[in-house]
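Below you'll find the structure, written out as structure tokens, and then a few comments.
Chains as they are written, first to last, in the numbering used here: chain A, 1 to 746; chain B, 1 to 632.
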């Protein structure tokens, strides 16, 4: 995969943008549980009161509160509030909000920032708790007794019916501050969170005193929080969609670029490179493998990048909610990862084995089906069944093992997840009791824990599957990084003008890349203009290899091939091939029409040229038997015409080019004798001064050639005319005798 | 969270379409998953058959079902119970704050947690036992099905394979068995757990709050609607993408396949230009298809979040009014997250069942196919067969409507050579198939040494014949074993002697591992001609009384061809031989020539007689055999 990374370069902006959006998405995903916790904490538990800094306070209440503040604190608090006296202009403005203003003066909070409110919160919280605590004392004497003892005040000294707050108000400043200090010291052990939770109760009471509808306040709080949640999830959704857009553009775009690069590369390959990879493998690499890579890129952006973001984000948020509980998540992640990794390290090799066992089973079945006649002819049904049974049993055993591993893993993972949530509740409950966190925080923490664990699960899956997917990437990179073995020379020679199509092989030897032995040894011959040079020999003797050296499908390993006196390696490949009309053995055609196939040789060829070529190639008859004639469709690979017709069209195609050199690589094999001889007769007439090279297995085809070259195991064992060779060359005689009767040979 | 079936809102991939292995909509296979699966013609009957096939496992499966239900019920109760702990905690905290309560009741919470743990543990245990048993059952059933299919293959008459391709039979063993295996292993318990989960969760949700339940239920039609909408759109682009991908791949295949032609005509630039155009079009539909199919996930999640918010708000609202507790909200949220997945699974049940039934139906139909006619009750004993073969008014057709051999009679004396000639596809192998009783004649009879071949045991009859076919069937084992295949009792020396007679010994000895070389899957590590020689050696080992030969044609080079020719001559000595002949010399030297055309015997006689008739044979001989026999 990494070897293909440069193809992602043009898309790096898209990728960066996608990552940025993933951050937003992750934050949106993580924010939701946070808001849920707010609904629980503030909305339900605190009745919609967020903090101890009320929007308004009665002046009388404020006076009490300030008793529990230092003078600097009181100053600060009062500075943030505006006093509104009854029956003033301001009072009528806020009358709807705070009906009590008609009767008494109130303080209304100024427009404060979040930070300013946070600064006031502990001060006012403490004051509210202290004030309400003392008020409760008066309402509930028994409790008051206990509390007073804690504060070191002897209540019995108080005159009956005297409000302790009034008493405090009347105390000298020094004595009062001693008491408030004591109270404050008492509270500091409770922690800000607890104070806040306790204070909101008092704030609520104050709101009621102000005449505010606290029920509506609570509902509004929940609804507005819900609204924010909706907006956030909308934002998250939008980000995901945008990431999907960026990811699909990037993946499809990179796939397009890689595909084009691979295709261009392969188009410039020589046959040597084709042999190295095999055609089928090159096709797979340029098609399926690239589709795989596209998939991987898409998943990378959408999931692989996302998992760590949400994982780390989740950890940060979770620690923020409760720093004391992170170890539960860490423990769960470690155990889970350990479990998954060990399960996969056990089962992955088994999966691979299972695949090969399935292949084995299919192989045995295929052999059973295709060899049915032989099996029954030899009465081997039972042996075959046993062979099948072995394969079947092996497969069943391995699948059972794999299934059992999976069967064990699923409930264990389930159990772990459940343990995690139960554990969080247990530990969380103690944290709540110690007032380190609130209940809503604990609930949010639980959801973070799940998100984190899943992020890690996802990452571990990715680490298991990505390497397998990236095999495709490696296979493509192999193609892209292959050095071309045949290239144009830096300073190409020009072919002579006028051009004489004489081909000379001088001491040519050839070895396929990586092979141990040469397939051609010391080949020497000259093919002259106007003559036909034929190559004959049994399969694998190297006759096709000889002619493949001329258009430089391969380059010689030793010696040289000269065209009109110039080494073929010194001219441009396109110049060289311009001179050659090549007819392949299988009569390869491309999809399109008959005409488009013929014009493949020369796009500007006249209709007469096409007609003439078809006539010579003996193709006109069947072309015009088709209703569409030259416009008849040719399917991919020429699947809709017969082998003989394909060969004739391939010959016609070469003729359209009117080249000085013709190469026929066993191109008459699918023609019947009549067509074969008629074709060669006309070819001889029309090709005139062209040099013709042909490869064949048929003696009848070579009989009239000017020069026959007999090859055996890569060596020239005979050279001359049919009559000469029948006298001198044993190999030629053997071949001839196996094909023709003695009478026919003479 | 107690989300047992493993998902949180952000990672859940909605399962739509016909199930997991057919590829989800999240990119892998594109939205293919929504495509309709195949259906069984007789759903009920097939299912009954399948249940019957399960045999003694039926009771085990019933027990397993109960386990699955138990496991699910325990999982479902979990959140609600755990919610109580949260509620208690919440109340404790509230008490602490207002100073009215006695603090947090840890004994109560501890008990709740222990109960929950117990529930989850029980659920996990049940689920484990359930899937363990199901894995055993499904794998054993898959094994049995495959075994039955394999056995069936060997008892089916050849005529079955005239109408059914090998690929189809292969598909029974692989795909169809796999479908049933998957259904038993996963889908079955999934169906149970999904159904129980949906019902159970619904009950639990209703027990918490009907208002919140309504919100949760509202989401289902919404998400279903969106799924259908998005899938329909992305399907359009997906098909388009597949089309263009086909064009691109087609061009690649074509150009790589015709690489030399392309090069020879300097076609590189043209080819790259065409490719580039196709590639750009592909890009356009590829990203759209991927984007659209990827939309489903975020949209579904947004809808899920909508529900989440709705429930949080409604829950908060209700909690204020003390209609529900905080723990209830927590439990409810867990339930909702567990709700959508089983619903999509249930929506899928009919699809899964239909596919299973279709697969089972195909398998059972295959297993119920008519088998070969059993051997005669009192078979003729084969002691010393001379090799006298008589065809008496043989009439045969692959199907009753199309009789290919109308009324054929011939008397073949021991040791005679019979040549079968005719153009490709003339039905020359039909005669072979009748002789070997791969097919039975419709009327008339074939007699060997005066006995109707139907009166022999098939095994005995087939032992009398040696077969060398052009379609050289060898299997994935050593060369030694492949030759020995003809007669398992043969010693190594006998195998080597046979190889020598077939002129293949020398060649085998030049191979890297000699006789121990394992032929690869398609036996591509030796050449076609060499394979042919091996099958001849195989026939030698059998030492049959009669021979059936199919001569090699052009795929073999001339030198090897000569070897094969010689080997076959050697094999035919003193044996009654039926040769599917391509070679001039074979035909000329045959004792009797059967000329076949379009599945019928059109002429018969000796070479000269037939030439004199100046009929089909003469024409065939002059055009095809004279020089260009290599055409085939």
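Where is the CB? At the ideal position from N, CA and C, for every residue including glycine.
Under the three-state DSSP convention, the category residue i falls into
i: residue 527 of chain B; result: coil
i: residue 398 of chain B; result: strand
i: residue 117 of chain B; result: helix
i: residue 726 of chain A; result: helix
i: residue 256 of chain A; result: helix
i: residue 212 of chain A; result: coil
i: residue 286 of chain A; result: helix
i: residue 521 of chain A; result: strand
i: residue 112 of chain A; result: coil
i: residue 439 of chain B; result: coil
i: residue 403 of chain B; result: strand
i: residue 596 of chain B; result: strand
i: residue 615 of chain B; result: coil
i: residue 532 of chain A; result: strand
i: residue 718 of chain A; result: strand
i: residue 105 of chain B; result: coil
i: residue 158 of chain B; result: coil
i: residue 262 of chain B; result: helix
i: residue 362 of chain B; result: helix
i: residue 52 of chain B; result: helix
i: residue 506 of chain A; result: strand
Proximal chain A residues relative to residue i, where beta-carbon distance stays under 9 Å
i: residue 338 of chain B; result: What residue 338 of chain B touches in chain A: nothing, since even the nearest Cβ is about 12 Å away.
i: residue 467 of chain B; result: 373, 374, 377 and 378
i: residue 255 of chain B; result: 263, 266, 267 and 590
Per DSSP, the bridge partner or partners of residue i
i: residue 658 of chain A; result: According to DSSP, which records beta bridges pairwise, residue 658 of chain A is partnered with nothing at all.
i: residue 106 of chain A; result: A:58 and A:84
i: residue 578 of chain B; result: B:418 and B:548
Partners in chain A for residue i, counting only beta-carbon separations shorter than 7 Å
i: residue 607 of chain B; result: Correct list: empty, because the minimum Cβ distance to chain A is about 14 Å.
i: residue 116 of chain B; result: 422
Proximity to residue i [Cα-Cα], best of the options
i: residue 542 of chain A; options: A:713, A:275 and A:374; result: A:713
i: residue 259 of chain A; options: A:555, A:8 and A:525; result: A:8
i: residue 633 of chain B; options: B:297, B:243, B:455 and B:175; result: The displayed coordinates of chain B run from 1 to 632. Any statement about residue 633 of chain B would go beyond what the structure contains.
i: residue 14 of chain A; options: A:248, A:596 and A:520; result: A:248
i: residue 220 of chain B; options: B:167, B:286 and B:346; result: B:346
i: residue 143 of chain B; options: A:721, A:392, A:719 and A:473; result: A:392
i: residue 115 of chain B; options: A:377, A:479, A:426 and A:680; result: A:426
i: residue 267 of chain B; options: B:254, B:370 and B:386; result: B:254
Neighbour list for residue i in chain B, Cβ cutoff strictly below 8 Å
i: residue 619 of chain A; result: Those within 8 Å of residue 619 of chain A in chain B number zero; the least Cβ separation is about 17 Å.
i: residue 691 of chain A; result: Residues of chain B passing the Cβ test: none, with the nearest at roughly 15 Å.
Closer than 6 Å: residue i CB and nearest the ligand FMN heavy atom
i: residue 680 of chain A; result: Within the structure as shown, the ligand FMN is missing, as the structure has no ligands at all.
Chain-ordered chain A contacts of residue i [CB-CB under 8 Å]
i: residue 60 of chain B; result: Per Cβ cutoff of 8 Å: no residues; residue 60 of chain B is ~15 Å from chain A at best.
i: residue 545 of chain B; result: In chain order: nothing, as chain A lies at least about 14 Å away.
i: residue 486 of chain B; result: 378
Chain B residues whose Cβ lies nearer than 7 Å to that of residue i
i: residue 241 of chain A; result: 295 and 298
Within chain B, the residues that residue i reaches when beta carbons sit closer than 9 Å
i: residue 704 of chain A; result: Per Cβ cutoff of 9 Å: no residues; residue 704 of chain A is ~14 Å from chain B at best.
Cβ of residue i within 7 Å of any chain D Cβ
i: residue 40 of chain A; result: This model lacks chain D altogether; the protein chains it does include are A and B.
What are the complete beta strand (DSSP E) segments, minimum 3 residues, inside the stretch 577-643 of chain A? 580-583
Runs of beta strand (DSSP E) wholly within the stretch 41-94 of chain A (minimum 3 residues, chain order): 56-58 and 81-84
Can you list the alpha helix (DSSP H) stretches of 4 or more residues lying completely in the stretch 450-519 of chain B, in chain order? List check, alpha helix (DSSP H) in window: 458-464, 479-484, 492-501 and 505-510.
Alpha helix (DSSP H) runs contained entirely in the stretch 327-377 of chain A, provided each spans 4 or more residues: 372-377
Suppose only complete runs of 4+ residues qualify. What are the alpha helix (DSSP H) ranges in the stretch 284-323 of chain A, listed by chain order? 288-299 and 306-321
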